[in-house]
Amino acid sequence: MGILVFKSDLIIRSTPVNLLLSFGLLIWTQPKKNSWFYGFLILTAMVGFGVEVIGVNTGYLFGDYSYGNVLGFKWKQVPLMIGINWFITIYCCGIAMHTLLNKAIQKVAATNKVPSKTLKTISLVTDSATLAVAFDWLMEPVAVQLGFWKWLGDGSIPLLNYICWYVISALLLLVFHTAPFVKKNNFAVNLLLIQLMFFLLLRTFLNSPS
Numbered sequence: 059m060g061i062l063v064f065k066s067d068l069i070i071r072s073t074p075v076n077l078l079l080s081f082g083l084l085i086w087t088q089p090k091k092n093s094w095f096y097g098f099l100i101l102t103a104m105v106g107f108g109v110e111v112i113g114v115n116t117g118y119l120f121g122d123y124s125y126g127n128v129l130g131f132k133w134k135q136v137p138l139m140i141g142i143n144w145f146i147t148i149y150c151c152g153i154a155m156h157t158l159l160n161k162a163i164q165k166v167a168a169t170n171k172v173p174s175k176t177l178k179t180i181s182l183v184t185d186s187a188t189l190a191v192a193f194d195w196l197m198e199p200v201a202v203q204l205g206f207w208k209w210l211g212d213g214s215i216p217l218l219n220y221i222c223w224y225v226i227s228a229l230l231l232l233v234f235h236t237a238p239f240v241k242k243n244n245f246a247v248n249l250l251l252i253q254l255m256f257f258l259l260l261r262t263f264l265n266s267p268s
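Under the numbering used here, the first residue of the sequence shown carries the number 59, and numbering increases by one thereafter.
1. V136 bridges to which residues according to DSSP?
2. At what residues does the beta strand (DSSP E) containing S124 begin and finish?
3. When the Cβ atoms of the segment 211-222 are set against those of the segment 115-130, are three or more pairs found closer than 8 angstroms?
4. Any beta carbon of chain B sitting closer than 8 angstroms to that of F145?
5. Considering only residues of the same chain and omitting the five flanking positions on each side of G211, which have a CB-CB separation below 8 angstroms?
6. Quick test of the definition: if touching needs 3 or more C-beta pairs under 8 angstroms, does the segment 87-103 touch the segment 194-210?
7. For V191, tell me which candidate among K161, I148, L259 and K175 has the shortest Cα-Cα distance.
8. In whole angstroms, give me the CA-to-CA distance for I226 and I85.
9. Check whether the segment 133-146 touches the segment 104-120, taking contact to mean three or more Cβ pairs, one atom from each stretch, closer than 8 angstroms.
10. Can you tell me which of K134, M155, D194 and L129 puts its alpha carbon nearest to the alpha carbon of F257?
11. Do you know whose CA, among L77, G82, N219 and P199, lies nearest F263's CA?
12. Can you list, in chain order, the residues of its chain whose CB lies under 6 angstroms from that of G113, leaving out five sequence neighbours each side?
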C-alpha cells in the first residue's frame with residue numbers, strides 16, 4: 059500500500075487518474091453496451107454531481123462539508139470527478155448485489171415459488187443501497203484524512219449524510235435495476251472488493267477520525 063508505506067502526496071493526488079482508469083475499465087468490461095447503459099451512466103453522474111453541489115452550497119443534503127483540491131478541478135465548489143465516483147460506486151454495488159442475490163433467488167426458486175418481480179426489485183434495490191451506504195461509511199474517515207473533503211463544525215460525520223446517501227442511492231439503483239441492460243460484470247465486483255479492502259486497510263492503520 060503506497061499511501062501507508064510512503065505516505066506520498068503524489069500517490070494521493072493521482073486519485074483522479076485512478077478514478078478515470080476505473081471508470082474507463084468499467085465501461086470497457088460492460089457486456090452488450092446499449093443506450094440504456096449509457097443513459098444510466100449519464101444520469102447517475104449528473105445526479106451525483108448535482109446533489110453534491112446542493113449539499114456543499116446549502117448544507118441541506120449530507121450536512122456541512124467542503125471539498126479539498128485532491129480530486130481535481132471544481133465547479134460550483136464540487137470536483138467534476140465526483141460525478142464519475144458516484145457512477146463507479148452505484149454501478150459496482152448494483153452489479154455486486156445482482157450477482158449475489160440472483161444466485162440466491164435462483165436457489166430459492168428451485169424449491170419454492172418464484173419470487174415476484176416486486177419482491178425481487180425491493181430486495182435488490184434496498185440491499186444494494188445498504189451496500190453503498192456501508193461503503194461510504196468505510197470510506198468517510200479515510201477520505202477526510204487524505205484531504206478529499208472535510209466536515210465543518212466539530213468535524214463529525216452527521217447521520218444526515220448516511221440518510222441522504224441511502225435515499226439517493228436507492229433511487230439510482232431502482233433505475234439501475236429496471237433499465238434493460240446486462241447486469242453482469244466480474245470486473246465491477248472485483249473492483250468493489252479491492253476498494254473495500256483499500257479503505258478498510260487505510261481506516262485501520264491511518265490515524266483517522268472515527
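Every residue, glycine too, gets a C-beta built ideally from N, C-alpha and C.
On the basis of the supplied data:
1. W133
2. Y123 to Y125
3. yes
4. In the structure shown, chain B cannot be found, because there is only a single protein chain.
5. D122
6. no
7. I148
8. 22 angstroms
9. yes
10. D194
11. P199
12. L119 and F120
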